[in-house]
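Visitor: Quick note on this note's numbering: the sequence shown kicks off at 497 and runs consecutively.
Built from N, CA and C at the ideal position, the CB exists for glycine as well.
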Amino acid sequence: MENGGESENPRFVISVPSYDEVADNEGNKSQPQSFFKPSSSFSQAFNFIKKSEFYEVASAAPPPPRNPVQTDDVPSPSVSAAPRGSRNSIIVSHRQKGNPLLKHIRNVRWDFGDIACDYLLGQSACALYLSIRYHLLHPDYLYFRIRELPKNLKLRVVLCHVDVEDVVKPLLEVTKTALLHDCTLLCGWSLEECARYLETVKVYENKPADLIQGQTDMDYLSRLNHSLTAVRHVNKTDVVTLGSTFGSLAHIMDASMEDLARCPGIGERKVKRLYDTFHEPFKRAVTNNASTTGKASSNPPTVIKAQVPENVEDAPKQGKLETGCIQKYSESRSAAAVQDMPTTNEQTKED
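1) Measuring CA to CA, which of Leu687, Gly763 and Tyr700 is closest to Arg728?
2) Let's test the definition: count the other Cβ atoms within 10 Å of the Cβ of Tyr625 and tell me whether it reaches 16, buried, or not, exposed.
3) Cα-Cα, which of Glu522, Ile642, Ile586 and Met714 is closest to Thr696?
4) Taking one C-beta from the segment 640-660 and one from the segment 611-622 each time, how about it: are there three or more such pairs within less than 8 Å?
5) According to DSSP, is Glu842 part of a helix, a strand, or is it coil?
6) Specify whether the segment 681-698 and the segment 642-662 touch according to this definition: at least 3 beta carbon pairs, one from each stretch, less than 8 Å apart.
7) For Val736 and Lys703, what's the separation of their Cα atoms in angstroms?
8) Determine the DSSP secondary structure at Phe778, reduced to helix, strand or coil.
9) Give the DSSP-derived three-state secondary structure of Cys622 in the structure shown.
10) Kindly indicate which residue of Val699, Ser744 and Arg652 has the alpha-carbon position closest to the one of Arg918.
11) Between Ala757 and Asp734, what straight-line distance do the alpha-carbon atoms span, to the nearest angstrom?
12) DSSP three-state label for Cys690, please.
13) Using beta carbons (cut-off 8 Å, strictly below), is Glu776 in contact with chain C?
14) Could you spell out the range, first to last residue, of the beta strand (DSSP E) harbouring Ile587?
15) Using the rule of at least 16 other Cβ atoms within 10 Å of the residue's Cβ for burial, across every protein chain shown, is Arg652 buried or exposed?
16) Which partner residues of Asp607 appear in the DSSP bridge assignment?
17) Kindly indicate which residue of Ser740, Thr773 and Ser511 has the alpha-carbon position closest to the one of Cys759.
18) For Val658, which of helix, strand or coil comes out of DSSP?
19) Run through DSSP, which three-state label would Tyr551 get?
20) What three-state label does DSSP hand Ser723 in the structure shown?
21) Alpha carbon to alpha carbon, what distance is there between Ala726 and Ser761?
22) Got a sec? Which residues, its chain only, sit under 6 Å from Trp606 by beta carbon, not counting five neighbours each side?
23) For the beta strand (DSSP E) containing Leu681, list its first residue and its last residue.
And the structure:
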């Protein structure tokens, strides 16, 4: 039975390959066939998009314009390049390190930089700092420093700190040097005042010159106020009264003293001031009042005019005429003196 059962169920032998056989089979095994075929370029891979309805040809963009070289931004060779952010700040030279003036500059920002002047106050303004005490020790310092300044600056300031008592002679020397080299002299008697000068020049760097002028409104009433209030004792209320009464400045000037006196609030003194202002001549005649010790004569002295003869032959005749005029003048003066003399009776009465 056992022999018969073995014949009915045959045995299967499973062979296990060795490591060398597996390694050889792996090396000889071919790669499976791949259905992915990569394209050689990006345009070939997406070439099918051109055939779709979503594809549009983009217009070519214009080339960007080239920026021209701006010569204004290039710093001039005479002035060294200032540090960044110097447009709104004062550039201080490294020579001014330790100057107590710097701690008083509070309203404007300042930075150190390599510059020829002591303080660069803008694109066209600079300043040199000088102490009178230092000038007495080094009289030629200011001259050589001004020679180092660039020529393209419109405003060159010499900031002079007066720190001595006797300043007449040294200040005269500084003034001469500044004027001869086309510099503006600013004198300060304290470090705070010198700092205020630097701040003011920097703040008003781009302001027009007419900013400090008085501003007058252009309307008629303001101009009438400006002209009539120049007369003494006339105020703005009087100007309104005169303007409403007469209507214009021309009618005010042509008015009489009685018409001016009828205006309320215009007294006698104001009337006289206004009338004299409008009717007096601009050029006054100069009168020489000679002081006399005696009584003035009733007859005014006659004026003798010497005439130059046209011909040489008329010279003796002219001389005779002049002598005759002089004799008549002396006789008239003597007669006037005799008339003014008191009689003997009047002298006795006075005694």
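Guide: Reading it off the structure:
1) Gly763
2) buried
3) Ile586
4) yes
5) Confidence in Glu842 is poor, its pLDDT being 46 and thus under 50, which makes the residue's placement too unreliable to answer from.
6) yes
7) 36 Å
8) coil
9) strand
10) A question about residue 918 goes unanswered here, because the residues of the chain that appear run from 497 up to 847.
11) 12 Å
12) helix
13) Checking the listed chains, one finds no chain C in this structure; it contains a single protein chain.
14) Ser585 to Ser589
15) buried
16) Ile587
17) Ser740
18) coil
19) coil
20) helix
21) Per the sequence presented here, residue 761 reads as Gly, with Ser not at that position. C-alpha separation (whole angstroms): 18 Å.
22) Ser585, Ile586 and Val588
23) Thr680 to Gly684
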